[in-house]
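Notes for the one structure printed next.
There are 2 protein chains.
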Amino acid sequence: MELQRCTVCGIRGQSICNAINDKELEILAQASSRLTFPPATTLIEEGSPAIAFFNVTKGTVKLFKSLPDGRRQITGFADVGHFLGLTNARTYSFGAETVDTVQVCRFLRPQLETLLTDYPLFERRLLTEITGELAEAQEQMLLLGRKTARERIASFLLARMMPPSPHADSAVEGQMVSLPMTRVDIADYLGLTIETVSRTLSALRREKIITGTDNHGIRVLAVSRLEDLASGQDNR
Amino acid sequence: MELQRCTVCGIRGQSICNAINDKELEILAQASSRLTFPPATTLIEEGSPAIAFFNVTKGTVKLFKSLPDGRRQITGFADVGHFLGLTNARTYSFGAETVDTVQVCRFLRPQLETLLTDYPLFERRLLTEITGELAEAQEQMLLLGRKTARERIASFLLARMMPPSPHADSAVEGQMVSLPMTRVDIADYLGLTIETVSRTLSALRREKIITGTDNHGIRVLAVSRLEDLASGQDNR
DNA sequence: CGAAATCTTGATACGGTTCAACAAAGGTGG
DNA sequence: CCACCTTTGTTGAACCGTATCAAGATTTCG
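Read top to bottom, the protein sequences are chains E and A. To convert a position in the first sequence, counted from 1, into the working numbering, add 568. To convert a position in the second sequence, counted from 1, into the working numbering, add 568.
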């Protein structure tokens, strides 16, 4: 678990540090420490004191809530650029665990308070970020409350589709979707069981809407078919 | 539809205006207009341009998202003190409709921008508010993705229980729960059908966990039983 | 290479939906 | 203020999509 100073936040362009100008960047660097964690590391334990705040600079973190009997709902995946750990309460109401190898910038709570008051641009950026998270949460509530298993899988694949890279490998057909998480995680995110996730992906593969035997990388052959599916236009 | 200037925001103690000091209050008053709407009025149409931002000062507003075929998910109820309409996009990704008679303070977008930059306390308050909304959204995702119908109803009743008023009417047994919305709204909020909501409430009534024949006012007789139910401790 | 973890597929069960009929509440005009 | 009509809520019976239980296949990793 390497620990080093984040003198210049490496992913400034896509991270929250983006909001801060050059003079401020130095202060930010002193306020945060960069940490690297292996897969399946607990970053936040549900109910523990809310002492830190993270900005993901590499990898994917899953956020979740659990019931006493072990049922779990993953409320989101925080990819590069996203932050996590903001809360009003003294304790976290959710847990966070790394999916793959993850690098973060960590701010301790007093540091965060200082940053918020001293750097208005930082606070504004945070407000924008969290407003976007709320919109995503609302979309997910629609999915969990009203969509069928097929529609959920289709929505999930679309949401996780990489934006078509400019120097795309046009030799390979289909849009790439990266799925670093396991079937269990997908199921717990979509409010399904692993069996239903597996069956539904198999069905889409059979129908030539997706391809790829690799479990953590799928290719979408018919984006528009998926879009129809995701919004309930076309179930069969 | 009455329209008047909100010179001194009447519910300052519990509203977002709370964040603003006396000097600033006057400016806020000039930036907003107070409006009253009858039940079932559309405040925000899904997909329409995001021109305004509201603070609820009386009544309850429902927020929702819909699918093309009409399936609907209510993502939250905004009661007194809550705001709605904040978004990063140029259009709203959700709809909003009054449940009962509703009074709001409305800010137009440019006014909001000004307030945010000029009054840091206002911006901070907004960040706190929306952080709380995100936590609620996560709790609701757990409900929608992983709880049974019984657990959903129990959770809903608990969440809507009035805080026991200091001058409580101790002559009447049981904690009051106000349900201004219809069964359809409750169903669309909990990801169930109206029939299941009705059946489940009847079952809880039969089991003497709740009472009250009035559809919009229920009394909880056994709070701790409900709490067990809501977290999946005790299903029968 | 071998063991453990992860994923897939099949058979059966069940919670909640759907369809249907009726009951109760609310609102309106005479 | 009541009779009528419309809206909202309740209850029952049958059905269905997804969960559960079970077995086998594949992948991962030491």
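No residue lacks a Cβ here, since even glycine has one placed at the ideal position from N, Cα and C.
Inset, instruction - Look up Pro617/E in the DSSP assignment and say whether it is helix, strand or coil. - result: Reduced to three states, the DSSP call for Pro617/E is strand.
Inset, instruction - Take Gly615/A as the anchor and find which of Gly644/A, Arg720/A, Ser792/A, Phe662/A has the nearest alpha-carbon. - result: Among Gly644/A, Arg720/A, Ser792/A, Phe662/A, the Cα nearest to that of Gly615/A is on Phe662/A.
Legend entry - Collapsed DSSP secondary structure at Val791/A in the structure displayed: Correct three-state label for Val791/A: helix.
Inset, instruction - Please name the residue or residues paired with Thr762/E in a DSSP beta bridge. - result: In the sequence as presented, Thr is not what sits at residue 762/E; that position holds Ile. Beta-bridge annotation (DSSP): Ile762/E is not paired with any residue.
Inset, instruction - Inspect the CB distances between the segment 789-803 of chain E and the segment 716-726 of chain E and report whether three or more fall short of 8 Å. - result: Yes, since at least three Cβ pairs between the segment 789-803 of chain E and the segment 716-726 of chain E fall closer than 8 Å, the two stretches touch.
Legend entry - Selection from Val629/A, Pro688/A, Leu758/A that minimises the alpha carbon distance to Arg720/A: Ranking Val629/A, Pro688/A, Leu758/A by Cα distance to Arg720/A puts Leu758/A first.
Legend entry - Interface flag, Met709/E vs chain A, CB-CB below 8 Å: Yes, Met709/E lies at the interface with chain A (some Cβ there is under 8 Å from its Cβ).
Inset, instruction - Could you name the residues of the same chain whose beta carbon sits closer than 6 Å to that of Val765/A, not counting the 5 residues immediately before and after it, in chain order? - result: Excluding sequence positions up to five before and after Val765/A, its CB lies within less than 6 Å of the CB of Arg751, Ile754, Ala755, all in the same chain and listed in chain order.
Legend entry - Three-state secondary structure (DSSP) of Ser746/E: In the structure shown, Ser746/E adopts extended strand secondary structure according to DSSP, grouped into three states.
Inset, instruction - Using a Cβ-Cβ cut-off of 8 Å, state whether Phe662/E counts as contacting chain A. - result: Yes, Phe662/E counts as interfacial toward chain A.
Legend entry - Residue interval of the alpha helix (DSSP H) (run including Ser601/E): Per DSSP, Ser601/E belongs to no alpha helix (DSSP H); it is in the beta strand (DSSP E), 600-605.
Inset, instruction - Measuring only between beta-carbons, confirm whether Ile579/E sits less than 8 Å from chain A. - result: Unreliable positioning characterises Ile579/E in this predicted model, as indicated by a pLDDT of 49, which lies under 50. A coordinate reading is not provided.
Inset, instruction - Just confirm the distance between the C-beta atoms of Val667/A and Lys630/A, as a whole number of angstroms; I'd bet it's less than 8 Å. - result: Sure, about 5 Å apart at Cβ, within 8 Å.
Inset, instruction - Using a cut-off of 8 Å between C-beta atoms, extract the partners of Asn656/E located in chain A. - result: In chain order: Thr696, Thr699, Gly700, Ala703.
Legend entry - Burial state of Glu701/A (16 or more Cβ within 10 Å): Answer is buried; the Cβ neighbour count reaches 16.
Legend entry - For Ala522/A, the three-state DSSP class (helix, strand or coil): Residue 522/A is absent from the model: chain A starts at 569 and stops at 804.
Legend entry - Host alpha helix (DSSP H) of Gln679/E (start-end): Note, Gln679/E: alpha helix (DSSP H), 677-686.
Legend entry - chain E contact for Arg714/A (CB, 8 Å cutoff): Output row for Arg714/A: interface = yes.
Inset, instruction - Can you grab the Cα-Cα spacing for the pair Ala664/A / Leu684/A, in whole Å? - result: Each residue's alpha carbon lies about 23 Å from the other.
Legend entry - Ser799/A: contacting residues in chain E (beta-carbon distance under 7 Å): Those are Leu635, Pro636, listed as they occur along chain E.
Legend entry - Cα-Cα separation, Ile786/E to Leu747/A: Taking the straight line joining both Cα atoms gives about 46 Å.
Inset, instruction - Determine whether the Cβ of Gly785/A lies closer than 8 Å to any Cβ atom of chain E. - result: Contact of Gly785/A with chain E is not assigned, every C-beta pair being separated by 8 Å or more.
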